[in-house]
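For the sequence shown, position 62 matches number 62 in full-length UniProt numbering, and the numbering has no gaps at all.
We put the beta carbon where it would ideally sit given N, CA and C, even for glycine.
Note that the structure is a prediction, hence the values are computed from the model and not measured.
Worksheet for the structure shown next.
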Amino acid sequence: MARPRKRNRRDSVWTEGTDGPTVESNEEHEEDPPDESVPTTPTATPQPVDTTNEERLEHALELARKKNSVAYDSYGTPELSDQLDKFKRHMIAWPCKMCGSHLNRPAYETSCGNLLAHIGRCQSKQQRALGSKTLACVGVTGTPDLDPHEVLQRCALWCAETASPFTALRQSSHLRILHPTILKHLPTRKMVLKAIHMLYLLVQEAFCHELKTHEGTMYLGVDVWQSPNGSNHWGSDIPTQVTGEYLARMVRYVVEKFGLENRICGIVSDNASNNKTMIDELKKLKWKRFKGEPQWIRCFAHILNLIVKAIIRPFGPPKKKTRSAPANDEDSNDEEEAHHLISKFDDEDEDEPSEAESKEDVVSQDEGHHGELDIEDELTLDDIHDLEEEDEEDVYTTASCRHTLAKFRTIATKLRKSPNSKAKLVKLCEENKCGKPHNVERDVPTRWNSTYKQVASIVRCEKAILIWQRDKQFGTPRNAHLVQANMDLAQDLLELLEPFYECTLQVSTKASARVAQVVVWIDQITASLSTVVANEGNRYPAALRNAVELLSGLGRAWRRLGALKCCPPGEAESSRQE
């Protein structure tokens, strides 16, 4: 069968207005000439009719009056903008009633989409702002917006008034509570230092005038610790070694600078021997009202600290005769001393220490050490007239007391260097309902009442510590475990040291420590120590009584306050005793 022949299709085109294709004609048609007014390059927006700026603005004002769209309700009266559109014509600026900004819109634009989109964004921001309130909205002061130019002055005032180091400004814990404006413009250390220097220069003239017109006595305090109990008007950085001669030169410079050499009635400082040298050097200047040591008022808080050190000294590690070790080795030294005392106690019998060993425990440090008495004023075991012998039946002895305090230091070091051990102890404290804080304080020689705080923390967390120390993974070695005798000593020490702690807090309270109150505190502490010495009912073992008896020559320490008798009644009452 023959294959059918395929019929060729004719090309056809469809035109509008016809029902079918029309056959393309072979005849030539004349083409229309191109219109020169129509641009050859196509554009997205046809070029609008050329109008003047006044006509375009009038058209925009007409749209705002008619308000054909709700979008115009959120905008004010349109204005002619300085910005140009792509046809180099001035645009129309529509002022937003919510945010106050101007939205530039071409005059030929007929859609309100951009106007509605801007209003939507403003409403969204407004709703988010209503959801989060600032502290100023609820009445907390000090939180409004700050002027960035005031940040440097505020930081300088904070460092100067609180005697804080410049590095404290950039501590992470401090940055969390700062105002956002202060965080953004936080000054550097050099900027703060320069600003504080400028503040001192600005107030110096006014302060000198105030001192000249002051009627009454003047006492000069030369200890930074006195800042809570008064106004710190002058500060000096001492870059060299703190010797008595150098301190005397600096004090003389300050006094003569402010014109007070004939008005100073006394000097308040601690009991350091370099301060004694300073007083002797100042006496040579022959000031009108300052006669030297009789008008040297010793810091009562430092005296309290020295008394506590004298009580604890027989129970502490032997003093090192050299001080060449760097300060950053303090933690390692504490750990080595505690380990040495515990190991030594396990190897030796608990015999009474010899007199030579006891004297070695109270050997004085080098002359000029800050916060120590002179060598001739040190209280030693030789000052005890009736040294009571210790019996084997005593609850604790001097050696066991030394061993107990070494155990306490071992526990504090373990918790400080092992976060897992501390977490374990905190968990046990919560289970046994121990008081807070759930930690053992460190006993640092340079911190007042640190021994009391450490013993108090041991007693506070006693139940948890007795369980925690037996943990093989997180606890302490067996030779550092606490027993009942250790806890008995802790209770007695806590009762003995508590009056000193409370008295130090009272002395440290701003504007509350005065000469008349110091005498009352002396009587209270003397009565407390006399109770231990009397030992009614054999309550205190011989070890603790001997340590307190070391202060039988306490009159020598109290005589450090003898300068108070040199002050007239009115002067003594008006002076603050730091």
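So, using beta-carbon positions, are Lys463 and Asn432 closer together than 8 Å?
Looking up residue 463 in the sequence shown gives position 463. Looking up residue 432 in the sequence shown gives position 432. Their beta carbons are under 8 Å apart, which means Lys463 touches Asn432 by this criterion.
If you check the beta carbons only, do Cys159 and Ile196 fall under 8 Å apart?
Numbered from its first residue, the sequence shown carries residue 159 at position 159. Numbered from its first residue, the sequence shown carries residue 196 at position 196. In this structure, Ile196 lies closer than 8 Å to Cys159 by Cβ.
Helix, strand or coil at Leu505 according to DSSP, with G and I counted as helix
Residue numbering aside, residue 505 sits at position 505 when the sequence shown is read from its first letter. DSSP, reduced to helix, strand and coil, places Leu505 within a helical segment of the structure shown.
Entirely enclosed alpha helix (DSSP H) segments - the stretch 47 to 118, minimum 4 residues:
Within the stretch 47 to 118, the complete alpha helix (DSSP H) runs of at least 4 residues are 53 to 66.
With a 10 Å radius around its C-beta and 16 neighbouring C-beta atoms as the bar for buried, classify Met198 as buried or exposed.
Residue 198 sits at position 198 when you count from the first residue of the sequence shown. Met198 should be labelled exposed.
Between the beta-carbon of Arg252 and the beta-carbon of Leu285, is there less than 8 Å?
As a first step, residue 252 is located in the sequence shown; it is residue number 252 there, counting from the start. As a first step, residue 285 is located in the sequence shown; it is residue number 285 there, counting from the start. Against a cut-off of 8 Å, the Cβ pair of Leu285 and Arg252 comes out as a contact.
Coarse secondary structure for Cys265, derived from DSSP in three states
Here residue 265 refers to the residue found at position 265 of the sequence shown. When secondary structure is reduced to three states using DSSP, Cys265 falls in the strand class.
Check whether the stretch 408 to 423 and the stretch 494 to 509 are in contact - that is, three or more C-beta pairs closer than 8 Å.
no
Close-in-space but distant-in-sequence residues of the same chain around Leu247 (CB under 6 Å, 5 per side omitted)
What you label residue 247 is simply residue 247 of the sequence shown in a count that begins at 1. Excluding residues up to 5 positions away in sequence, Met278 lie with their Cβ nearer than 6 Å to the Cβ of Leu247 in the same chain.
Roughly how many whole angstroms lie between the Cα atoms of Ala456 and Gln484?
The sequence position of residue 456 within the sequence shown is 456, counting from 1. The sequence position of residue 484 within the sequence shown is 484, counting from 1. Distance between the alpha carbons of Ala456 and Gln484: 16 Å.
Who are the near neighbours of Gln524 in its chain, counting only those whose CB is closer than 8 Å to its CB and skipping five residues on each side?
Translated into positions along the sequence shown, residue 524 becomes position 524. Excluding positions up to five away in sequence, the list reads Pro499 and Cys503.
Does Ile177 come out as helix, strand or coil in the three-state DSSP assignment?
Start at 1 with the first residue of the sequence shown, and residue 177 comes out as number 177. In this structure, Ile177 counts as coil in the three-state DSSP scheme.
Beta carbon of Cys96, beta carbon of Tyr75: below 8 Å?
Counted from its first residue, the sequence shown places residue 96 at position 96. Counted from its first residue, the sequence shown places residue 75 at position 75. Yes, these two residues count as a Cβ contact at 8 Å.
Based on Cα-Cα distance, which residue from Pro106, Asp492, Cys99 and Arg105 lies nearest to Lys125?
As a position in the sequence shown, residue 125 is number 125, starting the count at 1. Across the set Pro106, Asp492, Cys99 and Arg105, the C-alpha of Cys99 shows the shortest separation from the C-alpha of Lys125.
Nearest to Ala64 by CA position, among Pro445, Ile92 and Thr410, is which residue?
For the purposes of this step, residue 64 is taken as residue 64 along the sequence shown, with counting starting at 1. Of the listed residues, the one whose Cα sits closest to Ala64 is Ile92.
Please report the residue range of the beta strand (DSSP E) in which Leu220 lies.
Counting from one through the sequence shown, the residue named residue 220 turns up at place 220. Element bounds for Leu220: Met218 to Gly221.
For Asn449, count neighbouring C-beta atoms within 10 Å of its own C-beta (all shown protein chains included) and say buried if the count is 16 or more, exposed if not.
Walking along the sequence shown from the start, residue 449 turns up at place 449. The residue is buried, with at least 16 neighbouring Cβ atoms inside 10 Å.
Use the C-beta contact count for Gln295: other C-beta atoms within 10 angstroms, 16 or more gives buried, fewer gives exposed.
To locate residue 295, count along the sequence shown from 1; it is residue 295. That one is buried.
According to DSSP, is Trp296 part of a helix, a strand, or is it coil?
Within the sequence shown, residue 296 is the residue found at index 296, counting from 1. Trp296: strand per DSSP, three-state reduction.
Would you call Ser530 buried or exposed, if buried means 16 or more other Cβ atoms sit within 10 Å of its Cβ?
Taking the sequence shown and counting its residues from 1, one reaches residue 530 at position 530. Here Ser530 is exposed. Its C-beta has fewer than 16 other C-beta atoms within 10 Å.
Between the Cα of Lys436 and those of Asn420, Cys461 and Val444, spot the shortest distance and give me the residue it belongs to.
For the purposes of this step, residue 436 is taken as residue 436 along the sequence shown, with counting starting at 1. The option with the nearest alpha carbon to Lys436 is Cys461.
So, helix, strand or coil for Cys434, using DSSP?
Counting from 1 along the sequence shown, the entry for residue 434 is found at position 434. Residue state, collapsed to three classes: coil.
Element boundaries [alpha helix (DSSP H), containing Gly244]:
Here residue 244 corresponds to residue number 244 of the sequence shown, with the count starting at 1. Looking at the DSSP string, the run of the alpha helix (DSSP H) that includes Gly244 is Gly244 to Lys257.
Quick one: grab the DSSP three-state call for Pro419.
To locate residue 419, count along the sequence shown from 1; it is residue 419. Residue state, collapsed to three classes: helix.
Please determine, among Arg154, Lys288, Ile267 and Ile307, the residue with the shortest C-alpha to C-alpha distance to Arg298.
Residue mapping note: residue 298 aligns to position 298 of the sequence shown, counting from 1. The residue with the shortest Cα to Cα distance from Arg298 is Ile267.
Measure the alpha-carbon distance for Ser528 versus Ser173 and round it to whole angstroms.
Locating residue 528 in the sequence shown gives position 528, counting from the first residue. Locating residue 173 in the sequence shown gives position 173, counting from the first residue. The alpha-carbon of Ser528 is positioned some 41 Å away from that of Ser173.
Any chance the stretch 103 to 120 sits against the stretch 75 to 91, with 3 or more Cβ pairs inside 8 Å?
yes
Using DSSP with H/G/I as helix, E/B as strand and the rest coil, what is His302?
The sequence position of residue 302 within the sequence shown is 302, counting from 1. Helix.
Could you spell out the range, first to last residue, of the alpha helix (DSSP H) harbouring Trp158?
On the sequence shown, position 158 is the one that residue 158 refers to. Per DSSP, the unbroken alpha helix (DSSP H) holding Trp158 starts and ends at Val151 to Thr162.
May I have the straight-line CA-CA distance separating Gly113 from His185, to the nearest angstrom?
Here residue 113 corresponds to residue number 113 of the sequence shown, with the count starting at 1. Here residue 185 corresponds to residue number 185 of the sequence shown, with the count starting at 1. About 40 Å.
If the criterion is Cβ atoms closer than 8 Å, does the pair Glu256 and Glu281 meet it?
If you number the sequence shown from 1, residue 256 lands on position 256. If you number the sequence shown from 1, residue 281 lands on position 281. Their beta carbons are not under 8 Å apart, which means Glu256 does not touch Glu281 by this criterion.
From Lys67, Leu80, Val203 and Val49, pick the residue whose C-alpha is nearest to that of Leu57; which is it?
Here residue 57 corresponds to residue number 57 of the sequence shown, with the count starting at 1. Cα-wise, what sits closest to Leu57 is Leu80.
Other residues of its chain near Pro477: CB distance less than 7 Å, five sequence neighbours each side excluded
Mapped onto the sequence shown, residue 477 falls at position 477. The beta carbon of Pro477 lies closer than 7 Å to none in the same chain, with the five residues before and after it left out.
Spatial neighbours of His481 within its chain, please: CB distance less than 6 Å, with the 5 preceding and 5 following residues excluded, ordered by chain position.
Looking up residue 481 in the sequence shown gives position 481. Same-chain partners within the cutoff: Gln469.
How far does the alpha helix (DSSP H) with Leu207 in it extend, from its first residue to its last?
The residue labelled residue 207 in the question sits at position 207 within the sequence shown. Looking at the sequence shown, residue 207 is not Leu but Phe. Here the alpha helix (DSSP H) through Phe207 covers Arg189 to Thr213.
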